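See below for the structure under consideration.
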Amino acid sequence: MPERIFLSPPHIGNTELDLVKEVFDSNYIAPVGPMLGTFEKAMAEYVNISNTLAVSSGTAAIHLILRHLGLQSGDVVLASTLNFIGSVAPVIYEGGNLIFIDAESESWNMNPDRLEEGLEECRLTGKNVKAVIATDLYGQCVDLDRIKGVCDKYGVPVIVDSAESLGAEYKNKPAGYGAYASIYSFNGNKIITTSGGGVLASEDKELIEHARKLSTQARDDFPYYQHSELGFNYRMSNVLAAIGVGQLKVLDERVIRKRAINRSYRKLLAEVSGLSFMPAPSYGRTNCWLTVIQLDPKIVSATPEEVRSALEKENIETRPVWKPMHMQPVFANTHVIKGCVAERIFSNGLCLPSGTNMSDGDIERVVNCIVKII
Ligand SMILES: Cc1ncc(COP(=O)(O)O)c(C=O)c1O
10 MPERIFLSPP
20 HIGNTELDLV
30 KEVFDSNYIA
40 PVGPMLGTFE
50 KAMAEYVNIS
60 NTLAVSSGTA
70 AIHLILRHLG
80 LQSGDVVLAS
90 TLNFIGSVAP
100 VIYEGGNLIF
110 IDAESESWNM
120 NPDRLEEGLE
130 ECRLTGKNVK
140 AVIATDLYGQ
150 CVDLDRIKGV
160 CDKYGVPVIV
170 DSAESLGAEY
180 KNKPAGYGAY
190 ASIYSFNGNK
200 IITTSGGGVL
210 ASEDKELIEH
220 ARKLSTQARD
230 DFPYYQHSEL
240 GFNYRMSNVL
250 AAIGVGQLKV
260 LDERVIRKRA
270 INRSYRKLLA
280 EVSGLSFMPA
290 PSYGRTNCWL
300 TVIQLDPKIV
310 SATPEEVRSA
320 LEKENIETRP
330 VWKPMHMQPV
340 FANTHVIKGC
350 VAERIFSNGL
360 CLPSGTNMSD
370 GDIERVVNCI
380 VKII
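Using this note's numbering, the first residue of the sequence shown is number 10, and each one after it goes up by one.
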């Protein structure tokens, strides 16, 4: 069996190991320590957002924002349907109701026109909308100016889920910049990883300070343990923050490599008719976290699932596009505004191996298999 090519595995170096050793030597293993502050500061600088908080996951970061916003049972949050469940599950944890918004063909991200329809519908039916969660899909930023333009009309804060897009740009600004709050994920398959973790960023200092308290069981400022509200055990550990500090140093290199991988796939697969790539709108620059293809069923007889399983036989990992949230059994009765664009992208799409440690030879191996099966 040839060596396995993974979808997007961790890519760690000696700097990370040295920093973790520093933490071990200092014995700041837990619960907090100086590396956390260093990581938060480095992240704040990278994304150009004043306040940051390092937590145990991207999902936890979203949960903390919703708790701070005071999401109550029956309140509504509108979110991208073409999405990963961690982006929206916290709405349900807090007893809120979701309305899913379709993607637009031009970017595969939340369609601002569908969002406006959703917000107008909520206004007419007297629903209390607490937030909009717009996800930067596969490393490509949402069209934030348009999303914000719509949300401002209705007085609703925008949370950008930049879990997949650290290193990308929107109108020459870092992913997540300009939202009420944004979140980043460092789980194992992200462009950089801390093995698991997340960062919450916002210009709202009060949000970050409240989230900081909530993330450590909401302990009041007393020598003994007193709690006036319920919190969570969501803080990132100092050991993992050390990995993050090291990974941030190589983020720009990782972005360059991800984009080069994407360019190679585009070049090598350019002649395959009926095969196209995730569109890249001119308002931004994707970090190319994953390279995603579409197969036109009118031209290509092989389905994405047939391609996926043929590649799996060659020990190559690919992955279907996120199954839209409104098609998930767990959200069976959840309202969606349209949804057919997301459904089409799901049924025609496939995510290709995009790990920054893959070689040019690995890319050729993937391409040859795809060409053969198609
Ligand atoms: C779009 C999106 N949102 C949220 C998350 C959740 O992040 P985490 O796994 O760190 O909880 C992820 C990734 O895992 C994601 O891809």
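Even for Gly, the Cβ is constructed at its ideal location relative to N, Cα and C. Just so it is clear, the structure is predicted and the values come from calculations on it, not from any experiment.
*Between the Cα of T343 and the Cα atoms of L26, G83 and I302, which residue gives the shortest distance?*
Out of L26, G83 and I302, G83 has the C-alpha closest to the C-alpha of T343.
*Return the residue from the list F109, G79, S17 and E115 that minimises the CA-CA distance to R123.*
Nearest C-alpha to R123: F109.
*In terms of residue numbering, what span does the beta strand (DSSP E) encompassing K139 cover?*
K139 -> beta strand (DSSP E) spans V138 to T144.
*asked:* In whole angstroms, give me the CA-to-CA distance for V64 and V208.
replied: Each residue's Cα considered, the two are about 6 Å apart.
*asked:* Let me check you understand the geometry: is the CB of G95 closer than 8 Å to at least one non-hydrogen atom of ligand 1?
replied: G95: yes, Cβ under 8 Å from ligand 1.
*Per DSSP, which residues does A210 bridge with? Please list them.*
Bridge pairing for A210: T61 and S191 [DSSP].
*asked:* I'd like to confirm something about A172: is its beta-carbon nearer than 8 Å to some heavy atom of ligand 1, or not?
replied: Yes, the beta carbon of A172 sits closer than 8 Å to at least one heavy atom of ligand 1.
*Given I325, which residues of its chain have a CB within under 8 Å of its CB, disregarding the five upstream and five downstream residues?*
Cβ within range, chain order: R13, I14, P362, R374, V375 and C378.
*With 16 other Cβ atoms within 10 Å as the buried cut-off, status of H236*: Per the 10 Å Cβ criterion, exposed.
*asked:* Under 8 Å: does the beta carbon of A351 sit that close to some heavy atom of ligand 1?
replied: False, no ligand heavy atom lies under 8 Å from that Cβ.
*Unbroken beta strand (DSSP E) run spanning C360, endpoints*: Per DSSP, C360 belongs to the beta strand (DSSP E) from G358 to L361.
*Can you give me the Cβ contacts of H77 inside the same chain, cut-off strictly under 7 Å, excluding the 5 residues immediately before and after it?*
L216, H219 and A220, listed in sequence order.
*Is L175 helix, strand or coil by DSSP?*
In this structure, L175 counts as coil in the three-state DSSP scheme.
*Closer than 8 Å by C-beta to R228: which residues in its own chain qualify, once you throw out the five before and the five after it? Chain order, please.*
K222, Y234, Q235, H236 and G240, listed in sequence order.
_Reference D111; option with closest CA among K139, A143 and G95_ = Distances from the alpha-carbon of D111 to those of K139, A143 and G95 put A143 closest.
_Give me the DSSP bridge partner(s) of H344._
Listed as beta-bridge partners of H344 by DSSP are I108.
*Work out the CA separation of Y193 and I58 for me, nearest whole Å.*
Distance between the alpha carbons of I58 and Y193 is about 12 Å.
*With DSSP as the reference, label T202 as helix, strand or coil.*
In this structure, T202 counts as coil in the three-state DSSP scheme.
*Drop a sphere of 10 angstroms on the beta-carbon of C349, count the other beta-carbons inside from all chains shown, and report buried for 16 or more, exposed for fewer.*
Per the 10 Å Cβ criterion, exposed.
_Checking 9 Å against the spacing of the C-beta atoms, do I71 and S96 come in under that value?_
Their beta carbons are under 9 Å apart, which means I71 touches S96 by this criterion.
*Using a threshold of 8 Å, is the CB atom of S267 nearer than that to any non-hydrogen atom of ligand 1?*
For the record, residue 267 in the displayed sequence is Lys; it is not Ser. Because no heavy atom of ligand 1 lies under 8 Å away, the Cβ of K267 does not count as near it: no.
*Grouping DSSP H, G and I as helix and E and B as strand, with all else coil, what is V167?*
It is a strand residue.
_Determine whether the beta carbon atoms of F396 and V309 lie at a separation below 9 Å._
In the structure as shown, the chain begins at 10 and stops at 383. Residue 396 is therefore absent and cannot be evaluated.
_Uninterrupted beta strand (DSSP E) stretches inside the region 272–347 (no shorter than 3 residues)_ = If we require 3 residues or more, the beta strand (DSSP E) runs fully inside the region 272–347 come out as 284–286, 300–304 and 344–346.
*asked:* Can you tell me whether F109 sits near ligand 1, meaning its C-beta is under 8 Å from at least one heavy atom of the ligand?
replied: False, no ligand heavy atom lies under 8 Å from that Cβ.
*Leaving out five residues on either side along the sequence, give the residues of the same chain with a beta carbon under 7 Å from the beta carbon of Y102.*
These residues qualify, in order along the chain: H72.
*For ligand 1, any of its heavy atoms closer than 8 Å to the Cβ of I71?*
Yes, ligand 1 has a heavy atom inside 8 Å of this Cβ.
*Distance, A210 Cα to V100 Cα*: Going from the Cα of V100 to the Cα of A210 covers about 19 Å.
_Which of the three DSSP states is assigned to A88 in this structure?_
Of the three classes helix, strand and coil, the one that applies to A88 here is strand, per DSSP.
*According to DSSP, what are the bridge partners of K182?*
Residue pairing for K182: DSSP places it in a beta bridge opposite Y179.
*Determine, using beta carbons only, whether N198 and P19 come nearer to each other than 9 Å.*
The answer is yes: Cβ separation under 9 Å.
_Distance, I94 Cα to G205 Cα_ = In a straight line, the C-alpha of G205 is about 16 Å away from that of I94.
*Can you tell me where the alpha helix (DSSP H) with G253 in it begins and where it stops?*
It spans N247 to K258 - the alpha helix (DSSP H) in which G253 sits, taken as one unbroken run.
*Do P121 and E113 have their CB atoms nearer than 9 Å?*
For P121 and E113, yes; Cβs fall inside 9 Å.
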